[in-house]
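Working notes for the structure below.
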Amino acid sequence: MTTIQEQPTKHVGQSLRRKEDPRLVTGRAKYVDDIVVHGMLHMAVVRSPEAHARIVSIDASGALALPGIKAVYTGEDLSDLLAPLPMAWAPPGVEVKGPDRWPLARGEVCHVGDAVAMVVGDDKHVVADAAQCVVVEYEPLPVVVDVEEALKDEILVHESLGTNTTHHWTMGGGDVDAAIAEADVVVERRIVNHRTAGAPIEPRGVIAEYRAGSLTVWSSTQVPHLLRLFYAVQMGISEDRVRVVAPEVGGGFGGKLQITAEETLCAWASKRLDRPVKWIETRSENMAVSHHGRDQVDYVRMAAKADGTITAFHANIIQDVGAYFGLLTPMIPELGALVMTGCYKIPNVRTDITGVLTNKYITDAIRGAGRPEMTHMLEVTIDQLASELGMDPIELRHKNFIAPGDFPYETPYGITYDSGNYATTLDRALEMLDMDALRAEQASLREQGILRGVGFSTYTEICGLAPSRAVGPKGFGLGIGLYESALVRVHPTGSVTVFTGASPHGQGHETGFAQIVADRLGTDPSVVEVIHGDTATGPMGLGTYGSRSLSIGGVAAAHAAEKLAEKCKAIVAFNLEASVDDIEVIAGKFALAGDPDQGMTLAEVAGCAYIDASAMPEGMELGLEQTLIYDPSNFVFPFGAHVCVVDIDAATGKVDVVRWIAVDDCGPAINPMLIDGQVHGGVAHGIGQALYEQVVYDDRGQLVTGTFMDYALPTAGEIPSFETDRTETPSPSNSLGVKGIGEAGTIAATPAIVNAVVDALRHEGVSYVDMPLTPLRVWQALEEARGRGDGPRASEQGVALPDQGEGSAGSGPTTPEGGAA
Amino acid sequence: MNVNGQPVESVVAPRLLLVHYLRDVLGLTGTHVGCDTSNCGACTCLVDGESVKSCTLLAVQADGADVTTIEGMASADGELHPLQQGFWDEHGLQCGYCTPGMIMAAADLVERHGPGPISEEDVRRGIEGNLCRCTGYHNIVKAIRAAADKMSEVPA
Amino acid sequence: MIAADFDYAVADSVDDAIRLLGEGGAGAKLLAGGHSLLPLMKLRFASPSLLVDLRSLDELRGVQVGGDSFRIGAMTRHADLQSDSGLGLISEAASHIADQQVRNRGTIGGSLANGDAAADLPAVLLAYGGSVTVRGAGGERVIEAQDLFQGYLTTAIEPGEVLTEVRLPSMAGYGFGYEKFNRRTEDWAMVGVCALVKATDGVCEDVRIGLTHMASTPLRASAAEDALRGQPLDAAHIAAAAELAADGTDPLGDLNATPDYKRHLARVLTGRALTTAADGRASR
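Protein chains in written order, with the working numbering: chain A, 13 to 833; chain B, 453 to 608; chain C, -2 to 281.
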C-alpha cells in the first residue's frame, strides 16, 4: 500500500479556468476537418444498403468517368494488407471465435453500412457524387437482427464460423445455486440494456499522408499510439516511420476508442496514390458505422434472507456484438462483471456471458463500457428486491454496504476494492433531497395527474485502467498493458512542457496536469504547457478512455515532476550550500525550509541546468527533464450516490427529470470544476440512454435511427440542472489518491431513472419498465397495469415498424423461486 | 457578402453550403459541421444578425448578407465577447466542438430577449437547436445567463 | 452531407419565378427557407435540377390585417410570426416550430406548400378555415384549406404554381389553445392539437380543432367539434368532446408511437387545448 504523500498544494484543488478554452471559444482550435494538407485528395466510402448479402459485382466505371475522380478501390485491391482490423482481447482459457473484419468487404456484406468500395478524388463534392455512381449488385442473404434469435443459429451471420456464438465466459465466486436454493426471497428479471450511440458532436475524420516512406496521420482518435502500432502491423511500415496526431478531438465517449476501417483506407490510398487523402465522416455514417454501445439482454437473479441480507446475485448476459468484433467488443460485459457486486457484500456471485453475432454494426466501448450495464442490472434489481421484501430501498442498500473499515476489500471475483465510504455519500445525497418534502409533493402532485417518483443508485466502478500485469496478455487477456507515460521538460527559461500519452478530447488535461506539475516544480500552471496526442513528440502512451487519464497519466506526470523536483532541490542545495533535505517548494520557489527568503526559482534552477554548468553539482547530468512510465499497482474504484426525481404525465406517459442529485467520490480533487463538468456530462449521457436514445434496426436489419432526427440526443430542454457534491476518500493505490470521474455519472445514471419511474408508477401496479422509457413505453406499462394493455407494444431490436415488438412493462416476475420461507 | 465586417466576393457552385464556403473558401474553420439534418447546430452563425444553421443555407442564398462567425465575436484588440468570456469562466465547454455554434445561438437568444436577466427555462428553450454531448448543458446555461447579465450592464 | 449538383436562379418577381419554374420543367423546385428541402437534398433523398430562390420577393413578406381577415405573405418567416403575439394561435404555433435557427429561415408558405402532416402550421390553417393564394402561368387561384392537403407531402398546388399568400379569417372573439407533443422540444409533433373556441355566456358558440400528424394530412376533429358546439364549456363537456377527437383519424405508427397511442394522445391533447382555449386567451 502506497502512502499518500502530503504535497504542497497551491494549484491542485483549485477550480482553475481551463487553459484549453481561449482557442476553443474563439474558433481557433484545429480539429481534423480544419486541417488542409497540400495536394490533399478526398475519399468517400460506398456502403452496403443490405444487412446481409453476397457481393455479385461492383461496377465503378460510372464513378471513374466523373472528372476529378482518381481511383475506386474494392476489397480485392486491398489484398496486400497484412492484418484485418484488430480485436485486442483473448483471455487465457476462453475460446473466442470472431470473423476477420477487413476495411473493405471481401465478397460479403454483413451489416448496413459495411464498406464495399472507396472513391478517391479531387474534392469532397465530386467524391460524394462518384460514390453514388458505383453500381454494386448484391445477392441478399437471410438476416438475423434479434440477439436471442441469433443464438438459435438458424440464420448465420458468418457461414464459415458455423455458429453465431463467439464465446462463453463464466466468472464467479461462492456458490450461487446453493445460495438461491437456501434463500428466503429470490427475485429475477429479464433486463434489456438497449443499443446506443456514442454520438460525439464531431464525427470521425482522418487525413493520411504517405510521403517518402513515412506515414503521417491526423485522426480524430482517443488512441493515437495504438493506431501507430497498428499501422506498423497492418501496413508493414516500421513504427519509427509512422506518426499519428490526434489534433483537437471533438468528443469521444468511447466512440473514438477504435481502430477504424477508414483510418486504414486513407493510409492505404495515400500510399497507393502518393497523395494525402482525407475522409470526414458524415453524421449519417457516424450513426451507421461508428461503433455502438451496450446492447445486451440480461437474465438476473438475486437472493436474500428475509432480513434483507443479500446472499447471491447471478447474471446471464447475452451480448449483441454485431456483425464483427471491434477493438474491445467481447471485453465489454467482462469489464462490468468485475464490479458485479457493486457497493455490496454479496458472497455468492456468478456472471455467465455469451457473445452473439447479428447483422448489425459492432458494439464496443461507449462511456462506461460494461459498467453502466452491470450497475443498471444490480441497482434496479436491488429496488425490486426491496419491493419484494417490503423494505425501504435505502435501508436495503445500507444493510448490505461494504463498511468503511472493510477496505481494502476483496470481492468474490478476487478484485480488491481500494477504498470506499458508501454510506456517507448516500447520506449526503439524502440530506440534499429532503425525502419527507418529496413524499408530500408526490401525494399532492398525484391529484393533478403528475406522478412524481424518486430513484436511487449507489455505485462503485472499476477504472484507472489498468495494472498492466493484471490486464495484459497473461492476465485479463488484453493485447497490451495499460500503463501511461509522461515526459516533463523544464526549458532554460523555466517554463515547462509536459508530454502525456493520454489523449484527451474535452476532459481538460492541459489544465489539470499543469496544476499537478506546477505545484511540484514551484511554478505557475500558466507556464506549464501540456502536449498530448502526437506520437512524434512524447513517449509511448495508451490514450484516454476508461476514466484512466488522471489516475494513470496524471500520476505519471506527478511522479516525473517529483523526480525533477528532487534534482532541482539538489541543484539549489548545492548553490545555497545547504542540505538537500532542507530544501522545499515554498511560495513559488525552491527555498530553505527555515529561511524561505533563501531560495531559487525554477527559472534560476533551469539556468544552472542548461546555461551555467558550474552551478551544477559535480557529476550531475545537465538539463532538466524526466521521462517516466507509471504502471499502477491496482485499479481505482470511485463511488457515489445519485438521486433522480421524475415527474410523469399520467395521461401521456412522458417522463421529465426534475431533479438530479449526485454525490460522487473520486478521491482528492485536482480541479473541482472539471469534476463537476464530468459528472454533468456523464449523467446527461445516462439520461439520454434511459429516456431518449436508442439505435433501432428493423427486422430487415435496416437502420431506422440513421440521423440526429431519429436518434434523439437530449437537448438543453430535456436535461435538468444538477445538484452536485463530493466526498473525498483517497485511493491508497496512487500517490495523488485520485480515482476517475469521466464515466461515473453515466454508470450511476440509468438505474436511478428507472427506479424513479417505477417509484412513480408502483401504486398503479407497474413493477418495471425497460429503457428507453419513452412516453409510449410508459403509457403502455400504465395501460397494461390498468388491464387495458392489449395494443401493440414498444420496441426491441429487429421488429417490424410500426408495431415494434414486445415491451416489458410490468412484466417481470417477482415471485420468489425456491424460497425456503 | 460581408463576413465579420469584411467584404468578400466569390463565384461559387450553387450547391456549396454556406458552412463550406466559410470553412473551405474563407478558411474560417471555427464554424463546425456536426450533422446533416439541421439538428445539432454546430454550424450556427449569424446572418443579418440572426442565428442560422449554415449547413442548411446555400452560400448563394447569403449573397449580399452580413455574416458573423465565431471568429468575428471578439473585439479587434482580442477582448473576448461576453458570451465567450462566460463560457470560459463557467466551464461551459469541454471538447469545444459545439461551442462556436452554441455561442452564436446564444447571441441571437440574448439579442431577442433584450436587456435584463434571462430565466433558465428561456435559455434552455433558446438553445434547443444546439446539441452538446459533453457538458450536460448545466454550465452552458450558467454561462449564457452570466453573459446576458453582463451584456445588460452595458448601456445600449 | 453534399447535395447533388443543380442550377440556381433568383426570381425577381412572382411572374419571374413562374417563368423559371416553367422553363425548369419537372426537376425545378422553389426555394423559400429551404429547411425542409435542403436536408433532403443533402441526404440525396431529393435531387432537383433547378432551385428557384424566392428570397428577393419582398412583396411576399409581412402580415396585413384587414377588418375580418388577415393576409400573410408566403415568405413571412416563422420568426416573424413568432414575435407577433397579436396573431394568437398562429404565433403560438410558429413559436413551437423546431428551433430558433430554423424559425429564422423557415417560411409559412414553404411549410404549407410542403404539406407535411407533422408540421405545425397546416393544422392551424385548417382550423382557421383559411386559404392560400397560388399563381401560375394560367393565372391566380385560391385553394381552400380543406382542399389544399391531399396526402403525404402532397398538396393541390400544381407544378409551376407559386404559393403567394395565406388568407385567414379573423378569429376575434375566439380563445385558443395549442398542444404539441413530442419527445424533445426541437422535434416534429408526434401529435399536435390546436383549438379555437368562441364562448358566449359559458356556452360554446363555435369551436375549431385542428389535428397534426393524425393522418397523412392535417385533419379537423369534426366529431369533437360537433359534440361541443352549443354545449356548456365546462370540464365535463370538454372531456366528452375530447373523447371523440380521434374519430375519423388514421394515424401511421412510427418509431415513437403506435396508431393507438397517437389516438390516445389526440384525445388527451384535445382536452388540454380546449381547456386552454376556453380559458380565453384571445386569438385573432
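We put the CB at the ideal spot given by N, CA and C, even for glycine.
Query	Result
How is the alpha helix (DSSP H) around PHE242 of chain A delimited, first residue to last?	236 to 247
Measure the C-alpha to C-alpha separation of PHE511 of chain A and LEU494 of chain A and round it to an integer number of angstroms.	17 Å
Less than 6 Å between C-beta atoms, sequence neighbours within five positions excluded: which residues of the same chain meet that for MET130 of chain A?	MET55, VAL57, TYR85 and LEU277
So, for PRO466 of chain B: in the same chain, excluding its five sequence neighbours on each side, which residues have a beta-carbon less than 8 Å away from its beta-carbon?	LEU510 and VAL512
Output, in chain order, the set of chain B residues within a Cβ distance shorter than 9 Å of PRO792 of chain A.	According to the sequence displayed, residue 792 of chain A carries Gln and not Pro. Simply none; closest approach about 27 Å.
Identify, in the order they occur along the chain, each residue of the same chain with its Cβ nearer than 7 Å to the Cβ of LEU173 of chain A, setting aside the five sequence neighbours on each side.	LYS109 and PRO111
If you measure from the beta carbon of SER296 of chain A to each beta carbon in chain B, is any gap under 7 Å?	yes
Could you please give the first and the last residue of the uninterrupted alpha helix (DSSP H) stretch that includes ARG284 of chain A?	273 to 285
Within a Cβ cutoff of 6 Å, which residues of the same chain sit near LYS22 of chain A, ignoring the five residues on either side of it in sequence?	ASP531
Verify whether the separation of the beta carbon atoms of TRP230 of chain A and ILE47 of chain A is less than 7 Å.	yes
Suppose you measure from the CA of SER250 of chain A to the CA of ALA244 of chain A; what does that come to, to the nearest Å?	6 Å
Would you mind giving the Cβ-Cβ distance between ILE203 of chain A and VAL312 of chain A, rounded to the nearest angstrom? I have them listed as a contact below 8 Å.	6 Å
Scan the segment 118 to 149 of chain A for residues whose Cβ lies nearer than 8 Å to a Cβ of chain C and list them as they occur along the chain.	LYS136, HIS137, ALA140, ASP141 and GLN144
Starting from VAL312 of chain A, follow its DSSP beta bridges and name the residues at the other end.	A:ARG201 and A:ALA327
Pull up the DSSP beta-bridge partners for PRO569 of chain B, would you.	BP columns for PRO569 of chain B are empty, so no partner.
Cα separation between ALA218 of chain C and THR375 of chain A?	46 Å
Which of the three DSSP states is assigned to MET612 of chain A in this structure?	strand
Any beta carbon of chain A sitting closer than 7 Å to that of ALA494 of chain B?	yes
Check the Cβ of ASP541 of chain B against every Cβ in chain A and list those closer than 8 Å, keeping chain order.	ARG29
For the pair the segment 584 to 592 of chain A and the segment 783 to 793 of chain A, tell me if three or more CB-CB distances fall below 8 Å.	no
Quick one: list the residues of chain B neighbouring VAL159 of chain C, beta-carbon separation under 8 Å, in chain order.	In chain order: nothing, as chain B lies at least about 18 Å away.
Alpha carbon to alpha carbon, what distance is there between ILE140 of chain C and VAL463 of chain B?	40 Å
Just to confirm before moving on: does the CB-CB distance between PHE651 of chain A and ASP677 of chain A stay below 7 Å?	yes
Any idea what DSSP makes of TYR589 of chain B, helix, strand or coil?	coil
Looking at chain B, which residues of the segment 89 to 105 of chain C have a Cβ within less than 8 Å of any of its Cβ atoms?	ALA95, ASP96, GLN97, GLN98, VAL99, ASN101 and ARG102
Sorted by chain position, which residues of the same chain lie with C-beta nearer than 7 Å to HIS533 of chain B's C-beta, five sequence neighbours on each side aside?	MET525 and ALA526
In the segment 161 to 233 of chain C, which residue ranges form an unbroken beta strand (DSSP E) of at least 3 residues, counting only runs that do not cross its ends?	171 to 178, 188 to 197 and 200 to 209
Could you name the residues of the same chain whose beta carbon sits closer than 7 Å to that of LEU76 of chain A, not counting the 5 residues immediately before and after it, in chain order?	VAL84
Ignore the nearest five residues each way along the sequence and tell me which others in VAL261 of chain A's own chain have a CB closer than 6 Å to its CB.	SER232 and HIS517
Which parts of the segment 175 to 235 of chain A are runs of the beta strand (DSSP E), unbroken and 3 residues or longer, counting only runs that do not cross its ends?	177 to 185, 197 to 209, 217 to 223 and 226 to 231
Quick one, are the C-beta atoms of GLY565 of chain A and ALA514 of chain A less than 7 Å apart?	yes
Determine the chain A residues that contact ILE555 of chain B at a beta-carbon separation under 8 Å, and present them in chain order.	VAL37
Residues of the segment 719 to 737 of chain A with a CB closer than 8 Å to any CB of chain B: list them in chain order, please.	THR719, PHE720, MET721, LEU725, THR727, ALA728, GLY729, ILE731, SER733 and PHE734
Under 9 Å Cβ-Cβ, which residues of chain B neighbour PRO256 of chain C?	Neighbours of PRO256 of chain C on chain B: none; closest Cβ ~25 Å, over 9 Å.
Got a sec: is the Cβ-Cβ distance from VAL811 of chain A to anything in chain B below 7 Å?	Residue placement at VAL811 of chain A is flagged as unreliable, the pLDDT there being 49, under the threshold of 50; the coordinate-derived value follows with that caveat. Chain B contact via Cβ: absent.
Taking the alpha-carbon positions, what's the THR556 of chain A to GLU221 of chain A distance?	24 Å
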